[in-house]
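Participant:
2 protein chains.
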Amino acid sequence: MPDTPDSHRFSPTRQSLPIMLLRAREAVMARYRPMLREIGVTEQQWRVLRVLKESGEIDVSTLAERAAILGPSLTRILKTLRETGLVDVRQDRDDRRRSLASLTDAGDALVVNAADDSADVYAEISTQFGYERTQALIRELDALLETLGQPD
Amino acid sequence: MPDTPDSHRFSPTRQSLPIMLLRAREAVMARYRPMLREIGVTEQQWRVLRVLKESGEIDVSTLAERAAILGPSLTRILKTLRETGLVDVRQDRDDRRRSLASLTDAGDALVVNAADDSADVYAEISTQFGYERTQALIRELDALLETLGQPD
DNA sequence: CGGGATTATTTAACACGTTAAGTTTATGCG
DNA sequence: CGCATAAACTTAACGTGTTAAATAATCCCG
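Here's what the structure looks like:
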């Protein structure tokens, strides 16, 4: 067992920003999982469906950016959602490199039916942690993104 | 397609706590990736190595908890790290259900050599966002964990 | 106009996340 | 003791994350 003097700078995982972001996200998502399980979609599939509901038909790149999902993952997710009849994908006529995705009627209905439950989960979290405190946290995360230079 | 290119209207995903946590984490990790790439380990492997350096020989469950990695993932990661000669895994003599993991000399050397670079990345983030502000953000994330950790 | 650069998306390969089920070892209780 | 139960991993199966490379369509510049 190698033993070294403390001449190296280590920060315990409790003080590590990446790990704390990971843990926080995991804790938040744990609240959503029962609902997602009930409607039979994964967390990522739910994000895709929600963005499609909000945006209407959009191209895959924009969808990927808004749902915070990488292109290759989105390709697979859209394949699944197409097979389960929740999403349509067609080619853009003006630029045939582009694919345009949209909700089917079934997909729209699923989002509409689950939206209230999703909002309830968020309301519970927001209430427990404090509404203003939650908003402030989100603003700080947004500011961190700005500082670190994220694509919009 | 009602697209408003010059609008300040931001998408609701910017107000979603789960997505903002995801984006923030992604932005932070982007700063670490070059360093991880250079030493040839994944983000998760690095977390495992760091925890082992901090804790010395520990059982797999404790390691999983401290590195924020689920059991099945850790099984695979330890297999890889064992094959690359960075960690040792042995059975606990007193409770043979348990596995005990520890750094090899090579693993220890890798962590020691990369620790300063890792700290530099963190220092850069912390300086850019503001040291106190970063600490405050970590405290808020910790508080969120405390709040959500207790189901209802 | 033509052919090399660019852009949008997909495919491929490997690693990890998540849940359920399996295996081995320890523990508790009659 | 002996058997049921629990604990500590591990395996399995499927979905997603990440990077690099391939494919296809558009753009651009001479």
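Quick mapping for you: the protein sequence lines, in order, are chains A and B.
Numbered per the working numbering, the first sequence spans residues 12 to 163.
Numbered per the working numbering, the second sequence spans residues 12 to 163.
Think of the CB as a built atom: it goes at the ideal place given N, C-alpha and C, for glycine as much as any other residue.
Can you name, in chain order, every residue of its own chain whose Cβ lies under 8 Å from the Cβ of V132/A, other than the five neighbours on each side?
Facilitator: Only R42, Y43, M46 meet the Cβ criterion.
Participant: Would you report the Cα separation of I30/B and L97/B, rounded to the nearest angstrom?
Facilitator: C-alpha separation (whole angstroms): 34 Å.
Participant: Under 8 Å Cβ to Cβ from L156/B, same chain only, skipping five residues before and after it: list those, please.
Facilitator: For L156/B, where only same-chain residues beyond five positions count, there are no Cβ hits under 8 Å.
Participant: List the residues of chain A whose Cβ lies closer than 7 Å to the Cβ of Q26/B, in chain order.
Facilitator: Within chain A, the residues near Q26/B are I149.
Participant: Given that a residue counts as buried once 16 or more other Cβ atoms are within 10 Å of its Cβ, and exposed if not, what is S18/A?
Facilitator: Model confidence at S18/A stands at a pLDDT of 46, short of 50, so the residue's coordinates are unreliable; what they give is reported in the following sentence. The residue in question, S18/A, is exposed, as its Cβ has fewer than 16 Cβ neighbours within 10 Å.
Participant: By the three-class DSSP mapping on this structure, what secondary structure does L97/A have?
Facilitator: Correct three-state label for L97/A: coil.
Participant: Could you tell me the alpha carbon to alpha carbon distance between A147/A and V100/B, rounded to whole angstroms?
Facilitator: Their backbone Cα atoms lie some 44 Å apart in a straight line.
Participant: With the cut-off set at 8 Å, would you say S113/A and L63/A are in Cβ contact?
Facilitator: Cβ atoms of S113/A and L63/A: closer than 8 Å.
Participant: Could you tell me which residues DSSP puts in a beta bridge with L111/B?
Facilitator: Answer by DSSP bridge pairing, in chain order: D70/B, R101/B.
Participant: Cβ atoms of L32/A and V52/B: under 8 Å apart, would you say?
Facilitator: No. Outside cutoff.
Participant: Which two residues bound the contiguous alpha helix (DSSP H) that contains Q26/B?
Facilitator: That residue, Q26/B, is in no alpha helix (DSSP H); it is neither H nor E in DSSP.
Participant: Residue range of the alpha helix (DSSP H) that T158/A falls in?
Facilitator: First-last of the alpha helix (DSSP H) with T158/A: 142-159.
Participant: Does L89/B have its Cβ less than 8 Å from a Cβ in chain A?
Facilitator: No, no contact with chain A.
Participant: Can you look up V52/A in the DSSP assignment and give me helix, strand or coil?
Facilitator: Looking at V52/A - three-state DSSP - the assignment turns out to be coil, as it is neither helix nor strand.
Participant: When burial is assigned at 16 or more other CB atoms within 10 Å of the CB, is L81/B buried or exposed?
Facilitator: The residue is exposed, with fewer than 16 neighbouring Cβ atoms inside 10 Å.
Participant: Do the CB positions of I69/B and L111/B come within less than 8 Å of each other?
Facilitator: Yes, Cβ-Cβ distance for I69/B and L111/B is below 8 Å.
Participant: Using beta-carbon positions only, say whether I50/A and A130/A come within less than 8 Å of one another.
Facilitator: Not a contact, by the Cβ cut-off of 8 Å.
Participant: Using a 10 Å radius around the Cβ and a threshold of 16 neighbouring Cβ atoms, would you call T24/A buried or exposed?
Facilitator: Buried, because 16 or more other Cβ atoms sit within 10 Å of the Cβ of T24/A.
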